[in-house]
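These protein sequences, in sequence, are chains A and B.
For the first sequence, the numbering used here begins at 411 and goes up steadily by one.
For the second sequence, the numbering used here begins at 5 and goes up steadily by one.
Note that the Cβ used here is the ideal one computed from N, Cα and C, for glycine as well.
Beneath this line is the structure, given in structure tokens, with notes to follow.
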Amino acid sequence: MKALVLVKNVPDANSVFRIASDGMWVDTSSLSYAINDFDRYALEELLALKDSGKVEEVVALTVGPQEASSALRTCLATGADRAIHVKDDALVGCDPLSLARVIHAAIKDEGFSLILAGLQADDDNHTQIGGLLAGLLDFPCASAAMSLNFQDETTLRVERELGNNELQVVDLTLPAVVTVQTGINTPRYASLKGIMAAKKKPVATLGLADLGLDAAEVGASAAKLRTVGFAPPSKGKGAEILSGSPEEIATELISRIRENAGVL
Amino acid sequence: MDFRLSHEQEQIRRAVREVVSDFPGEYWQKLDQELGYPQEFIEALTRGGWLAALIPQEYGGIGVGLVEASLILEEINRSPGNAGVCHAQMYIMGTLLRHGSTEQKKKFLPPLAAGELRLQAFGVTEPTTGSDTTQLQTFARRDGDRYVVNGQKVWISRAEHSDLMLLLARTTPAGELAKKTEGLSVLLVDLRAAIGHGITIKPIRTMMNHHSCELFIDELEVPADNLIGEEGQGFRYILDGMNAERILIAAECIGDARFFLDRSSDYAKEREVFGRPIGQNQGIQFPLARAHAHTEAADLVRFRAATAFDHDVPCGADANIAKLLAADASWEAGNAAVQTLGGFGFAAEYDIERKLRETRLYQVAPISTNLILTYVAERVLGLPRSY
Numbered sequence: 411m412k413a414l415v416l417v418k419n420v421p422d423a424n425s426v427f428r429i430a431s432d433g434m435w436v437d438t439s440s441l442s443y444a445i446n447d448f449d450r451y452a453l454e455e456l457l458a459l460k461d462s463g464k465v466e467e468v469v470a471l472t473v474g475p476q477e478a479s480s481a482l483r484t485c486l487a488t489g490a491d492r493a494i495h496v497k498d499d500a501l502v503g504c505d506p507l508s509l510a511r512v513i514h515a516a517i518k519d520e521g522f523s524l525i526l527a528g529l530q531a532d533d534d535n536h537t538q539i540g541g542l543l544a545g546l547l548d549f550p551c552a553s554a555a556m557s558l559n560f561q562d563e564t565t566l567r568v569e570r571e572l573g574n575n576e577l578q579v580v581d582l583t584l585p586a587v588v589t590v591q592t593g594i595n596t597p598r599y600a601s602l603k604g605i606m607a608a609k610k611k612p613v614a615t616l617g618l619a620d621l622g623l624d625a626a627e628v629g630a631s632a633a634k635l636r637t638v639g640f641a642p643p644s645k646g647k648g649a650e651i652l653s654g655s656p657e658e659i660a661t662e663l664i665s666r667i668r669e670n671a672g673v674l
Numbered sequence: 005m006d007f008r009l010s011h012e013q014e015q016i017r018r019a020v021r022e023v024v025s026d027f028p029g030e031y032w033q034k035l036d037q038e039l040g041y042p043q044e045f046i047e048a049l050t051r052g053g054w055l056a057a058l059i060p061q062e063y064g065g066i067g068v069g070l071v072e073a074s075l076i077l078e079e080i081n082r083s084p085g086n087a088g089v090c091h092a093q094m095y096i097m098g099t100l101l102r103h104g105s106t107e108q109k110k111k112f113l114p115p116l117a118a119g120e121l122r123l124q125a126f127g128v129t130e131p132t133t134g135s136d137t138t139q140l141q142t143f144a145r146r147d148g149d150r151y152v153v154n155g156q157k158v159w160i161s162r163a164e165h166s167d168l169m170l171l172l173a174r175t176t177p178a179g180e181l182a183k184k185t186e187g188l189s190v191l192l193v194d195l196r197a198a199i200g201h202g203i204t205i206k207p208i209r210t211m212m213n214h215h216s217c218e219l220f221i222d223e224l225e226v227p228a229d230n231l232i233g234e235e236g237q238g239f240r241y242i243l244d245g246m247n248a249e250r251i252l253i254a255a256e257c258i259g260d261a262r263f264f265l266d267r268s269s270d271y272a273k274e275r276e277v278f279g280r281p282i283g284q285n286q287g288i289q290f291p292l293a294r295a296h297a298h299t300e301a302a303d304l305v306r307f308r309a310a311t312a313f314d315h316d317v318p319c320g321a322d323a324n325i326a327k328l329l330a331a332d333a334s335w336e337a338g339n340a341a342v343q344t345l346g347g348f349g350f351a352a353e354y355d356i357e358r359k360l361r362e363t364r365l366y367q368v369a370p371i372s373t374n375l376i377l378t379y380v381a382e383r384v385l386g387l388p389r390s391y
């Protein structure tokens with residue numbers, strides 16, 4: 411079967427974050443980027459399925475500017491077979507629904523049986539693309555997967571992480587979309603051989619015209635979800651910095667946890 | 005002129021950073037204390053193919069150039085770790101690759117690429133000859149289909165952690181030579197068979213955990229098939245590997261310098277004295293800024309040298325200058341880091357003191373700073389020879 415992983419190039423957590431002058435996003439000039447951490451786990455899940463023979467081809471897709479191709483190259487270096495890069499200046503400022511429509515247009519004729527994505531993106535945290543894409547494809551969708559197991563050729567059992575460490579077990583009939591929680595596996599590193607082999611793997615670059623879409627349908631002007639403000643969280647109350655020797659701080663901390671949280 | 009790295013080169017940096025992130029300061033501190041060898045670290049690098057970078061694909065390696073190899077070693081040294089434990093596995097095979105027979109290459113390079121064999125010891129230096137390699141005494145006498153070797157070597161790094169060793173030995177007495185650079189030959193020695201049967205290894209305790217050894221060679225038998233290239237041409241063979249070594253060591257020093265600057269800049273931003281971060285004081289800023297500038301300058305020469313090497317263009321001057329500048333920059337950055345961290349600069353758990361001990365080596369080895377200055381003075385500037 412063919413499988414797809416959706417990936418996003420996001421600001422590296424080690425970047426310096428400053429709010430941009432228009433107050434609508436962070437200043438991107440001081441950012442370095444890396445593949446979204448959640449997506450690494452989704453990719454690893456597919457690569458493991460390929461290793462075990464369940465999946466024949468792993469394709470990585472991203473929507474983003476030229477620089478976003480580095481996330482795809484990471485996927486190819488790690489073991490994905492080919493990549494699809496959708497980029498079009500008209501997509502700057504599009505909302506999650508439009509983004510899902512763009513991805514749908516890019517893959518609807520590919521015949522993917524399994525589509526994986528990270529549960530959320532480290533930057534905008536929308537957690538929507540997997541679900542919206544499943545809706546457009548009329549596929550079932552499970553989110554926050556903590557394990558994936560094939561029951562038979564067309565049934566995928568997924569353990570979903572709920573609050574309070576509870577796991578819900580669901581069966582999906584393929585084709586399906588699953589969004590993956592971190593910690594589901596241990597993502598492999600790219601090897602030197604993989605990095606060099608990735609140079610020869612195909613990357614298809616598609617614009618809106620190639621997808622038969624119009625900027626008026628999916629661009630910023632069509633957005634029904636718009637950013638109207640962006641600010642750091644206000645400082646919380648009740649935070650306290652304990653002082654003393656490490657031993658004194660540890661003793662005080664344990665007593666606070668015991669008394670206030672009641673967990674010890 | 006485009007100074008940017010390619011996508012693959014950037015990926016190499018990132019990927020090595022990921023691998024080394026599994027080996028934090030505590031790992032290296034423990035090894036330093038126990039004089040241990042980082043087996044797990046070597047295995048992780050081997051799994052990713054990193055140490056096979058320079059071995060051509062036809063022999064099972066990756067076949068990238070020295071620019072890429074230098075990025076790998078730089079990133080290792082930019083972490084709390086030290087590439088000195090494994091860098092030779094990358095480049096010593098160069099002598100075999102360039103001068104070995106097809107049979108030798110087919111026999112040894114694939115298992116080296118797979119990490120099944122280790123060739124990371126090179127027996128050159130002797131107690132009485134030091135940098136004057138043409139005067140070495142260890143003698144390999146041809147006896148039918150074998151050589152019988154007698155002599156002594158010193159400062160042979162990783163000999164205890166290597167399966168094979170390249171050995172430079174005299175095959176013609178110095179008195180019978182027309183040219184003093186001839187009469188030396190390179191032999192491939194199987195240490196697994198030789199230890200206890202002609203070679204005795206004695207580790208040397210040094211100021212850092214560098215796994216350096218003394219070798220006593222007594223009637224060691226080496227098959228004549230293990231002669232690399234032509235008899236008597238060994239000095240020439242090792243010389244052309246030295247440029248690669250110098251460029252790679254320069255990259256390691258640049259990694260060290262960046263480690264020191266990363267750590268001390270972070271510390272100087274956080275550490276508050278008299279109500280403000282110490283990094284706000286120019287007394288702290290200037291040494292770090294100066295060391296950074298010197299590191300960047302060394303880095304440019306390193307890339308120029310590595311690019312020349314990869315294009316088969318003479319790179320001796322740049323390789324030497326890169327190593328000189330980089331070793332100076334890492335020492336300067338380490339010194340500035342100790343000053344910035346104050347007492348913590350001396351504390352083992354901060355990694356600075358250990359890496360400062362480690363980077364100090366590169367003022368002395370694999371070629372001393374003075375000999376590089378001599379090379380530049382005489383070979384580049386054309387000044388009269390001093391020796």
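I want to verify the contact list: residues of chain A whose CB lies under 9 Å from the CB of residue i, in sequence order.
| i | result |
| --- | --- |
| B/Val24 | Chain A residues near B/Val24: none, gap ~10 Å exceeds 9 Å. |
Residue i: buried (16+ other C-beta within 10 angstroms of its C-beta) or exposed?
| i | result |
| --- | --- |
| A/Asp449 | buried |
| A/Asn559 | exposed |
| A/Asn446 | buried |
| B/Ala19 | buried |
| B/Phe278 | exposed |
| A/Ser462 | exposed |
| B/Gly134 | exposed |
| B/Leu243 | exposed |
The beta strand (DSSP E) with residue i in it runs from where to where?
| i | result |
| --- | --- |
| B/Pro207 | Ile203 to Pro207 |
| A/Lys412 | Lys412 to Leu416 |
| A/Gln578 | Leu577 to Thr583 |
| A/Ser601 | Looking at the DSSP string, A/Ser601 is not in any beta strand (DSSP E), and its letter there is neither H nor E. |
Run down chain A in chain order and give the residues with a C-beta less than 7 Å from the C-beta of residue i.
| i | result |
| --- | --- |
| B/Glu12 | Ile605, Met606 and Lys609 |
| B/Ala92 | Chain A residues near B/Ala92: none, gap ~18 Å exceeds 7 Å. |
| B/Ala57 | Leu602 |
Alpha helix (DSSP H) containing residue i: first to last residue?
| i | result |
| --- | --- |
| B/Phe143 | Premise fails: B/Phe143 lies in the beta strand (DSSP E), Phe143 to Asp147, not in any alpha helix (DSSP H). |
| B/Ile160 | Unbroken run through B/Ile160 is the beta strand (DSSP E), Arg150 to Ser161; no alpha helix (DSSP H). |
| A/Tyr451 | Asp447 to Asp461 |
| A/Cys485 | Ser479 to Thr488 |
Applying a beta-carbon distance threshold of less than 8 Å, which residues of chain D neighbour residue i?
| i | result |
| --- | --- |
| A/Ala487 | Judged by its chain identifiers, the structure shown contains no chain D, and its protein chains are A and B. |
Taking only the alpha-carbon atoms, compute the straight-line gap between residue i and residue j and give it to the nearest angstrom.
| i | j | result |
| --- | --- | --- |
| A/Lys418 | A/Gly545 | 20 Å |
| B/Ala312 | B/Val305 | 10 Å |
| B/His315 | B/Ile251 | 14 Å |
| A/Leu503 | A/Leu635 | Note on residue identity: the sequence assigns Gly, not Leu, to residue 503 of chain A. Their backbone Cα atoms lie some 10 Å apart in a straight line. |
| B/Glu14 | A/Leu652 | 42 Å |
| B/Gln33 | B/Gly179 | 49 Å |
| B/Pro392 | B/Gln139 | Outside the shown range of chain B (5 to 391) lies residue 392 of chain B, about which nothing can therefore be said. |
| B/Val317 | A/Ala641 | 55 Å |
| B/Leu292 | B/Leu121 | 42 Å |
| A/Ala600 | A/Arg492 | 15 Å |
| A/Ala626 | B/Phe263 | 50 Å |
| B/Leu172 | B/Lys206 | 19 Å |
| A/Lys518 | A/Pro585 | 12 Å |
| B/Arg196 | A/Lys611 | 42 Å |
| B/Phe307 | B/Ala255 | 9 Å |
Residues of chain B with CB under 7 Å from residue i, in chain order?
| i | result |
| --- | --- |
| A/Tyr599 | Ala19, Glu22, Val23 and Gly52 |
| A/Arg483 | His11 and Gln15 |
Among residues of its own chain, excluding the 5 on either side of residue i, which ones have a beta-carbon nearer than 6 Å to its beta-carbon?
| i | result |
| --- | --- |
| B/Met212 | Arg361 and Glu362 |
| A/Glu571 | Ala554, Met556 and Gln591 |
Whose C-beta lies closer than 7 Å to the C-beta of residue i among residues of the same chain, with five residues either side of it excluded?
| i | result |
| --- | --- |
| B/Glu223 | Val152, Asn154 and Gly202 |
| A/Gln476 | Lys497 |
| B/Thr50 | Gly119 |
| A/Gly604 | Ala487, Thr488 and Gly489 |
| B/Thr378 | Ser390 |
| A/Ser521 | The residue you asked about is not Ser; residue 521 of chain A is Gly in the sequence shown. Excluding positions up to five away in sequence, the list reads Lys412. |
Under 7 Å from any heavy atom of the ligand FMN, does the C-beta of residue i make it?
| i | result |
| --- | --- |
| B/Ile232 | The ligand FMN is absent from the structure shown, which contains no ligand whatsoever. |
Under 8 Å Cβ to Cβ from residue i, same chain only, skipping five residues before and after it: list those, please.
| i | result |
| --- | --- |
| A/Thr596 | Glu454 |
| A/Thr438 | Pro421 and Ala430 |
| B/Leu75 | Leu9, Gln13, Ile16, Arg17, Val20 and Ala255 |
Anything in chain A within Cβ reach of residue i, meaning under 8 Å, just list it in chain order.
| i | result |
| --- | --- |
| B/Val68 | Leu602 and Met606 |
Below 9 Å on C-beta distance, what does residue i contact in chain B?
| i | result |
| --- | --- |
| A/Ser439 | Simply none; closest approach about 17 Å. |
| A/Ser508 | By Cβ distance, chain B contributes nothing, its closest Cβ being about 29 Å from A/Ser508, past 9 Å. |
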